[in-house]
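K.L.:
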Amino acid sequence: MNSRRGIELPGHDGIRLAGDIAGPEDGFPVLLLHGGGQTRNSWGRALNALAERGARAVAIDMRGHGDSDWSPEAAYLPEHFGSDVENVTRAYSALCDDRPVLLVGASMGGIAALIATGPLDTLVAGLVLVDIVPDVRMDGARRILDFMNAAPDGFASLEEAADAVAAYLPHRPRPAATEGLKRNLRQQPNGRWNWHWDPRMVREVLNDVELVKGGLDDAASAVRVPTLLIRGLLSDIVDDEGVEHLRGLVSHLEVVDIADAAHTAATDDNDAFVASVLAFANRIAATTH
5 MNSRRGIELP
15 GHDGIRLAGD
25 IAGPEDGFPV
35 LLLHGGGQTR
45 NSWGRALNAL
55 AERGARAVAI
65 DMRGHGDSDW
75 SPEAAYLPEH
85 FGSDVENVTR
95 AYSALCDDRP
105 VLLVGASMGG
115 IAALIATGPL
125 DTLVAGLVLV
135 DIVPDVRMDG
145 ARRILDFMNA
155 APDGFASLEE
165 AADAVAAYLP
175 HRPRPAATEG
185 LKRNLRQQPN
195 GRWNWHWDPR
205 MVREVLNDVE
215 LVKGGLDDAA
225 SAVRVPTLLI
235 RGLLSDIVDD
245 EGVEHLRGLV
255 SHLEVVDIAD
265 AAHTAATDDN
275 DAFVASVLAF
285 ANRIAATTH
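Here the working numbering is used: the first residue of the sequence shown is 5, the next is one more, and so on.
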């Protein structure tokens, strides 16, 4: 059965994580983890494409995002997201008859997947990092955090929010319609529109951007499963030095470059992204049968 439906999975410390699942029940399990400031909807086309090609794919809203719980203690450091991914992967693998799961993480979701992969051991079939490495460019990381913190009082209209997104993603054409933004915004009683994420999420990291790197070298060194980095060549987060640094930690690393994509590589060129993930998953499946 390929129809898409909602699912709820357990995070760490009682955090409830909302998600969507699609694809045949006996398909290759794939867990899609979005970046900071995004939701599971950022994987919409990829989720459907993977399911249509036989994968059993789940996309979740990370803690503090979308329809998932906010942390009462504002616990939003990389290790907290990593603990969520550990819990979710164990639960999802159990739903898939204990088969190992391919983790696909973009940006913050990739950091969480990287942290979780070592402890999960044989429950992970492989790891796909979407434009994220331990040694990120700090100017790019700061730009993301500044965007997430730029409108604490929200927007007067969807048009105003669309202008903010267009300025943040100048390599993309500004959408003519703004209705799609409602998936990422919440309208307040005063009529203003706020982003869906917990605003406390970025405050601690804004004071020390280096927190996004905490412990990632050790986490990468513990990765033994097949690992693929999908990099957008227009990215201001991942550069050649960052790729080589990761290769020094994960000697079996594979790298795919997407020419016309930036940090949002999975959605900038969805077809190239899906093709890369499927080819990688098929290689893994071929070696485990």
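A virtual CB, placed ideally from N, CA and C, is assigned to each residue, including glycine.
What you are looking at is a predicted structure, and each value in this text was computed from that prediction instead of being measured.
What's the gap between the Cα of D139 and the Cα of A166?
P.N.:
In the sequence shown, counting from the first residue as 1, residue 139 sits at position 135. In the sequence shown, counting from the first residue as 1, residue 166 sits at position 162. Approximately 31 Å between the Cα atoms of the pair.
K.L.:
Provide the residue(s) that pair with R9 in DSSP beta bridges, ordered along the chain.
P.N.:
Here residue 9 refers to the residue found at position 5 when the sequence shown is read from its first residue. R9 pairs with I25.
K.L.:
In whole angstroms, what is the alpha-carbon distance linking D143 and A95?
P.N.:
Here residue 143 refers to the residue found at position 139 of the sequence shown. Here residue 95 refers to the residue found at position 91 of the sequence shown. Rounded to the nearest angstrom, the two C-alpha atoms are 36 Å apart.
K.L.:
So who's on the other strand from T231, going by DSSP bridges?
P.N.:
Reading the sequence shown from its first residue, position 227 is the one you call residue 231. According to DSSP, T231 bridges with L131.
K.L.:
Just to confirm before moving on: does the CB-CB distance between L133 and L118 stay below 8 Å?
P.N.:
Your numbering for residue 133 matches position 129 in the sequence shown. Your numbering for residue 118 matches position 114 in the sequence shown. Against a cut-off of 8 Å, the Cβ pair of L118 and L133 comes out as a contact.
K.L.:
Do G68 and D202 have their C-beta atoms within less than 8 Å of each other?
P.N.:
Within the sequence shown, the letter at position 64 stands for residue 68. Within the sequence shown, the letter at position 198 stands for residue 202. Yes; because the gap between Cβ atoms is below 8 Å, this pair is in contact.
K.L.:
Looking at C-beta atoms only, is the number of pairs between the segment 189-206 and the segment 157-174 that lie closer than 8 Å three or more?
P.N.:
yes
K.L.:
Taking Cβ positions, are S97 and L127 nearer each other than 8 Å?
P.N.:
Within the sequence shown, numbered from 1, the residue matching residue 97 stands at position 93. Within the sequence shown, numbered from 1, the residue matching residue 127 stands at position 123. Yes; because the gap between Cβ atoms is below 8 Å, this pair is in contact.
K.L.:
Per DSSP, what are the beta-bridge partners of D261 in this structure?
P.N.:
As a working mapping, residue 261 is identified with position 257 in the sequence shown. Beta-bridge pairing links D261 to R235.
K.L.:
What residue does the beta strand (DSSP E) around R190 start on, and which one ends it?
P.N.:
As a working mapping, residue 190 is identified with position 186 in the sequence shown. It spans 189-191 - the beta strand (DSSP E) in which R190 sits, taken as one unbroken run.
K.L.:
Which runs of the beta strand (DSSP E) spanning at least 3 residues fall entirely within the segment 82-135, listed in chain order?
P.N.:
105-110, 128-134
K.L.:
To the nearest angstrom, report how far apart I288 and L232 are at their CA atoms.
P.N.:
For the purposes of this step, residue 288 is identified with residue 284 of the sequence shown, where counting begins at 1. For the purposes of this step, residue 232 is identified with residue 228 of the sequence shown, where counting begins at 1. Computed Cα separation, rounded: 11 Å.
K.L.:
Quick check: what's the CA-CA separation for A145 versus I241?
P.N.:
As a working mapping, residue 145 is identified with position 141 in the sequence shown. As a working mapping, residue 241 is identified with position 237 in the sequence shown. Going from the Cα of A145 to the Cα of I241 covers about 6 Å.
K.L.:
State the beta-bridge partners of V62 as determined by DSSP.
P.N.:
For the purposes of this step, residue 62 is taken as residue 58 along the sequence shown, with counting starting at 1. Paired residue(s): I25, L35.
K.L.:
Can you name, in chain order, every residue of its own chain whose Cβ lies under 6 Å from the Cβ of W74, other than the five neighbours on each side?
P.N.:
Position 70 of the sequence shown, counting from 1, holds the residue named residue 74. Counting only Cβ-Cβ distances below 6 Å, and skipping sequence neighbours, we find G68, D202.
K.L.:
Can you give me the start and stop residues for the alpha helix (DSSP H) that N274 sits inside?
P.N.:
Within the sequence shown, numbered from 1, the residue matching residue 274 stands at position 270. Run containing N274: 274-291, per the alpha helix (DSSP H) assignment.
K.L.:
Roughly how many angstroms separate the alpha carbons of I262 and P174, rounded to a whole number?
P.N.:
Taking the sequence shown and counting its residues from 1, the one referred to as residue 262 is at position 258. Taking the sequence shown and counting its residues from 1, the one referred to as residue 174 is at position 170. About 17 Å.
K.L.:
Please state whether DSSP places P179 in a helix, a strand or coil.
P.N.:
Reading the sequence shown from its first residue, position 175 is the one you call residue 179. P179 falls in the coil class under three-state DSSP.
K.L.:
Assuming G39 contacts A22 under a Cβ cut-off of 8 Å, what Cβ separation, rounded to an integer in Å, is found between them?
P.N.:
What you label residue 39 is simply residue 35 of the sequence shown in a count that begins at 1. What you label residue 22 is simply residue 18 of the sequence shown in a count that begins at 1. Between the beta-carbon of G39 and that of A22 there is about 17 Å, and that puts the pair past the 8 Å contact cut.
K.L.:
Can you list, in chain order, the residues of its chain with a C-beta nearer than 6 Å to that of A59? Leave out the 5 residues immediately preceding and following it.
P.N.:
In the sequence shown, counting from the first residue as 1, residue 59 sits at position 55. Contacts found: G27, G31, F32, V34.
K.L.:
Is N194 helix, strand or coil when you go by DSSP?
P.N.:
Indexing the sequence shown from 1 puts residue 194 at position 190. Three-state result, N194: coil.
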